[in-house]
Ligand SMILES: Cc1cc2nc3c(=O)[nH]c(=O)nc-3n(C[C@H](O)[C@H](O)[C@H](O)COP(=O)(O)OP(=O)(O)OC[C@H]3O[C@@H](n4cnc5c(N)ncnc54)[C@H](O)[C@@H]3O)c2cc1C
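In the working numbering, the protein residues as written are 3 to 374.
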């Protein structure tokens with residue numbers, strides 16, 4: 003124990019979906035948690051496709067945040083549509099929900115502010131391991147220290163000295179904009195391949211649609227690339243009415259880190275994985291890996307460091323590895339549109355393959371009932 007300052011059971015860096023989940027579960031289990039987040043409650047929501055898969059829905063229920071799902075539109079299918087009309091429909095065994103990012107962020111922040119045992123730090127922190135095994139977050143007259151650290155700082159964030167490197171990933175950008183629904187109604191989420199990137203449609207409640215463009219980072223502004231892609235995709239345009247508000251742009255996936263846990267530290271969400279949003283699984287993985295990190299941090303607080311490290315590593319791998327391969331496969335096929343067209347037709351025609359892909363897109367159920 004330090005002679006002065008504060009020693010927390012866990013420091014959670016980042017209050018996005020991954021960090022908020024971890025902090026809420028740890029505080030709910032009676033631990034003293036420090037959460038650091040530089041974004042204010044009034045900052046605009048992160049651009050996001052807004053699709054949430056079954057694994058993420060389950061975590062929201064564990065957190066007692068079911069109200070976010072009320073009024074959210076559910077979808078039971080994700081369709082990949084090629085440039086020349088080939089179509090692969092993946093029916094989901096459990097429905098996903100179109101959860102608007104602003105509503106999700108609001109609910110998570112309100113829960114964090116109400117939870118006993120959580121201390122807010124309104125800024126960035128960087129953790130450094132000390133000789134006694136604890137982590138130093140801030141030096142000075144009132145140092146901040148924690149026995150465990152969960153890094154949930156997103157794609158660009160750091161949060162821990164000597165973070166393990168990421169593997170190779172394509173340099174991509176994403177743009178998101180809400181629209182009124184157009185004359186063609188959507189049966190589920192649609193991902194359209196165009197000559198200028200992918201267009202991702204999520205049907206929202208109240209007659210609106212979320213449009214996201216995902217494509218290569220280039221000299222041209224992402225908003226211009228969105229318009230170019232729209233101009234070449236009449237089927238997408240038919241599903242869209244007038245735009246509501248301005249588009250927001252963001253950098254996309256960075257490859258998973260080579261190591262996602264160590265002695266008392268755990269990476270969650272985009273910090274650990276950073277999958278391309280082509281599969282619409284980023285928020286789901288943030289919620290499930292945030293839950294896994296909380297579970298492992300509890301083990302580490304109890305002194306079971308190795309079990310905590312291996313457990314989190316195994317669960318993150320189970321969430322990420324196959325999905326990363328599927329996303330990379332689809333992206334690689336995108337470089338060869340004729341091949342992608344043929345592959346979509348072929349995959350659609352073979353039910354066993356289609357079922358396997360559905361399971362991959364939906365993700366595993368790796369942590370049932372822990373830390374809840
Ligand atoms: C255009 C687009 C479309 C997408 N579509 C979908 C979709 O349809 N479905 C889906 O599931 N996902 C989608 N995603 C991905 C999804 O948005 C991310 O995977 C998700 O936000 C990851 O959550 P996170 O909690 O890991 O990180 P973030 O949401 O990025 O949160 C990280 C937080 O950490 C804070 N932070 C950074 N550094 C520090 C520090 N040193 N100390 C403290 N705090 C720090 C940041 O301010 C931030 O609030 C999309 C992304 C884009 C760009």
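The beta-carbon is built from N, C-alpha and C at its ideal position, and this holds for glycine as well.
Predicted model, so just to flag it, every value in this text is computed and none were measured.
How about residue i: is its Cβ closer than 7 Å to a heavy atom in ligand 1?
i: residue 40; result: yes
i: residue 272; result: yes
i: residue 204; result: yes
i: residue 279; result: yes
i: residue 223; result: no
i: residue 51; result: yes
i: residue 346; result: no
i: residue 131; result: no
i: residue 252; result: yes
i: residue 47; result: no
i: residue 19; result: yes
i: residue 35; result: no
i: residue 285; result: yes
i: residue 13; result: no
i: residue 177; result: yes
i: residue 65; result: no
i: residue 54; result: yes
i: residue 290; result: no
i: residue 263; result: no
i: residue 157; result: yes
i: residue 216; result: yes
i: residue 173; result: no
i: residue 121; result: no
i: residue 296; result: no
i: residue 154; result: yes
Going by Cα to Cα distance, which pick from the options is closest to residue i?
i: residue 290; options: 10, 15 and 27; result: 27
i: residue 355; options: 92, 296, 165 and 259; result: 92
i: residue 267; options: 362, 283 and 296; result: 296
i: residue 65; options: 346, 179, 293 and 225; result: 293
i: residue 174; options: 257, 12 and 327; result: 257
i: residue 282; options: 54, 44 and 38; result: 54
i: residue 180; options: 212, 261, 202 and 169; result: 212
i: residue 210; options: 334, 102 and 90; result: 102
i: residue 200; options: 343, 263 and 336; result: 336
i: residue 79; options: 190, 307, 238 and 332; result: 190
i: residue 208; options: 194, 218, 184 and 193; result: 184
i: residue 134; options: 192, 126, 128 and 148; result: 148
i: residue 164; options: 193, 198 and 128; result: 128
In whole angstroms, what separates the C-alpha of residue i from that of residue j?
i: residue 365; j: residue 143; result: 46 Å
i: residue 83; j: residue 235; result: 11 Å
i: residue 29; j: residue 177; result: 35 Å
i: residue 315; j: residue 329; result: 20 Å
i: residue 216; j: residue 362; result: 20 Å
i: residue 22; j: residue 109; result: 10 Å
i: residue 50; j: residue 214; result: 7 Å
i: residue 155; j: residue 139; result: 14 Å
i: residue 40; j: residue 220; result: 29 Å
i: residue 113; j: residue 224; result: 34 Å
i: residue 280; j: residue 326; result: 10 Å
i: residue 241; j: residue 141; result: 54 Å
i: residue 4; j: residue 136; result: With a pLDDT of only 36 at residue 4, under the threshold of 50, the placement of this residue in the model should not be trusted; the figure read from the coordinates follows. Distance between the alpha carbons of residue 4 and residue 136: 10 Å.
i: residue 33; j: residue 150; result: 11 Å
i: residue 312; j: residue 265; result: 10 Å
i: residue 345; j: residue 13; result: 46 Å
i: residue 9; j: residue 121; result: 12 Å
i: residue 227; j: residue 308; result: 47 Å
i: residue 45; j: residue 188; result: 30 Å
i: residue 24; j: residue 247; result: 32 Å
i: residue 304; j: residue 206; result: 43 Å
Please check the pair residue i and residue j, which I expect to be a contact at CB under 8 Å, by giving their CB distance rounded to whole angstroms.
i: residue 269; j: residue 153; result: 5 Å
i: residue 16; j: residue 119; result: Going by Cβ atoms, the distance from residue 16 to residue 119 rounds to 18 Å, so no, they are not a contact pair.
i: residue 196; j: residue 85; result: 6 Å
i: residue 157; j: residue 272; result: 5 Å
i: residue 360; j: residue 94; result: 7 Å
Opposite residue i in the DSSP bridges: which residues?
i: residue 267; result: 151
i: residue 260; result: Answer by DSSP bridge pairing: none, since residue 260 is not bridged.
i: residue 192; result: 81 and 203
i: residue 181; result: 211 and 245
i: residue 120; result: 35
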